[in-house]
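Right, one structure below, let's go through it.
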Amino acid sequence: RAAEWQLDQPAWSGRMRITAKGKVAFIKLEDKTSGELFAQAPVEQFPGVAVESVTDSSRYFVIRIEDGNGRRAFIGVGFVDRGDAFDFNVALQDHFKWVRQQGELARQAQSLEEGPALDLGFKEGQTITLNIANMKKKEGAAGSARPRPAAPAAPTRLPPPPGGKAPGAAPGSAEQPRAPVPGTGLCWRGASVGSRAAIPAERIRRDLPQNGG
Numbered sequence: 001r002a003a004e005w006q007l008d009q010p011a012w013s014g015r016m017r018i019t020a021k022g023k024v025a026f027i028k029l030e031d032k033t034s035g036e037l038f039a040q041a042p043v044e045q046f047p048g049v050a051v052e053s054v055t056d057s058s059r060y061f062v063i064r065i066e067d068g069n070g071r072r073a074f075i076g077v078g079f080v081d082r083g084d085a086f087d088f089n090v091a092l093q094d095h096f097k098w099v100r101q102q103g104e105l106a107r108q109a110q111s112l113e114e115g116p117a118l119d120l121g122f123k124e125g126q127t128i129t130l131n132i133a134n135m136k137k138k139e140g141a142a143g144s145a146r147p148r149p150a151a152p153a154a155p156t157r158l159p160p161p162p163g164g165k166a167p168g169a170a171p172g173s174a175e176q177p178r179a180p181v182p183g184t185g186l187c188w189r190g191a192s193v194g195s196r197a198a199i200p201a202e203r204i205r206r207d208l209p210q211n212g213g
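Okay, so the sequence shown: first residue is 1 according to full-length UniProt numbering, each after it adds one.
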């Protein structure tokens with residue numbers, strides 16, 4: 001219990017650092033000015049006997065220190081700030097979480113090495129079948145160009161004009177239509193119906209019937 005310690009008169013005060021070497025973490029108590037090492041506690045397991053929390057406070061712990069000659073002692077340490085005590089716990093938890101992950105990876109690698117090797121080679125006489133028909137169809141579809149639609153063909157012959165003769169007809173093969181001369185009742189060859197061509201007056205007089213004839 002931390003209440004049984006002389007908290008108002010600590011035997012030593014300084015700074016604490018946590019380092020790691022391999023799987024072992026080290027809690028180091030150092031002088032806050034010179035950095036001289038006061039004591040250190042190697043931790044091989046957490047939670048464990050090397051670090052224990054007290055029952056009446058979350059800011060105080062009991063750690064087991066060693067001097068390197070096999071001598072050990074248990075001392076109580078505490079933090080003024082509760083946040084520093086929390087960081088102390090988290091640092092130790094993160095280290096030993098990493099240790100467990102490394103051990104799991106090592107066991108998996110060992111089981112793979114001891115297991116039978118995976119043989120992916122072909123056995124004697126073994127064959128495989130490849131279906132490349134679909135591949136050829138896809139390649140042909142991708143490389144073929146879409147045909148362009150054909151342009152409509154132009155008509156080779158034009159329809160004949162209204163009342164006229166069809167193109168290409170031989171001269172004299174059909175009689176030209178006759179148009180009546182306005183006011184005379186006569187027809188004049190060579191003028192189509194509705195034509196606006198002017199007819200000379202002397203030619204009209206020449207074609208008119210003579211008196212008494």
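Positions of the beta carbon are idealized from the N, C-alpha and C atoms, including for glycine. The model shown is predicted, which means the values in this text are computed figures rather than measured ones.
Leaving aside the five residues before and after GLY30 along the sequence, list all residues of the same chain whose C-beta is less than 7 Å from its C-beta, in chain order. Walking along the sequence shown from the start, residue 30 turns up at place 30. The sequence given here places Glu at residue 30; Gly does not occur at that position. The residues are GLY14, ARG15, ARG17, GLU36, LEU37, PHE38.
Counting pairs of Cβ atoms below 8 Å between the region 87–99 and the region 42–55, do you hit three or more? yes
If you check the beta carbons only, do ILE63 and VAL51 fall under 7 Å apart? Stepping through the sequence shown from its first residue, residue 63 is reached at position 63. Stepping through the sequence shown from its first residue, residue 51 is reached at position 51. Cβ atoms of ILE63 and VAL51: closer than 7 Å.
LYS97, enclosing alpha helix (DSSP H) - first and last residue: As a position in the sequence shown, residue 97 is number 97, starting the count at 1. Residues 82–114.
Kindly identify the DSSP beta-bridge partner or partners of SER53. Along the sequence shown, one-based indexing puts residue 53 at 53. Answer is PHE61.
Look at residue 271 and ARG59 and say whether their C-beta atoms are less than 7 Å apart. Only positions 1 to 213 of the chain appear in this structure, which leaves residue 271 out of reach.
Once DSSP output is grouped into helix, strand and coil, what is the label at GLU4? Taking the sequence shown and counting its residues from 1, the one referred to as residue 4 is at position 4. Correct three-state label for GLU4: helix.
Taking the continuous beta strand (DSSP E) assigned at ARG17, which residues delimit it? Translated into the one-based positions of the sequence shown, residue 17 becomes position 17. Segment 15–21, the beta strand (DSSP E) holding ARG17.
Heavy atom of the ligand ZN less than 6 Å from the Cβ of GLU124, yes or no? This structure lacks the ligand ZN, and indeed carries no ligand of any kind.
Decide if ARG189 is buried, meaning its Cβ has at least 16 other Cβ atoms within 10 Å, or exposed. What you label residue 189 is simply residue 189 of the sequence shown in a count that begins at 1. Caution applies to ARG189, whose pLDDT of 48 falls short of 50 and renders its modelled position unreliable; the value that the coordinates give is listed next. The Cβ neighbour count for ARG189, taken over all protein chains shown within 10 Å, is under 16; the residue is labelled exposed.
Does the distance from the CB of VAL77 to the CB of PHE88 come in under 7 Å? To locate residue 77, count along the sequence shown from 1; it is residue 77. To locate residue 88, count along the sequence shown from 1; it is residue 88. Result no, Cβ atoms of VAL77 and PHE88 do not sit closer than 7 Å.
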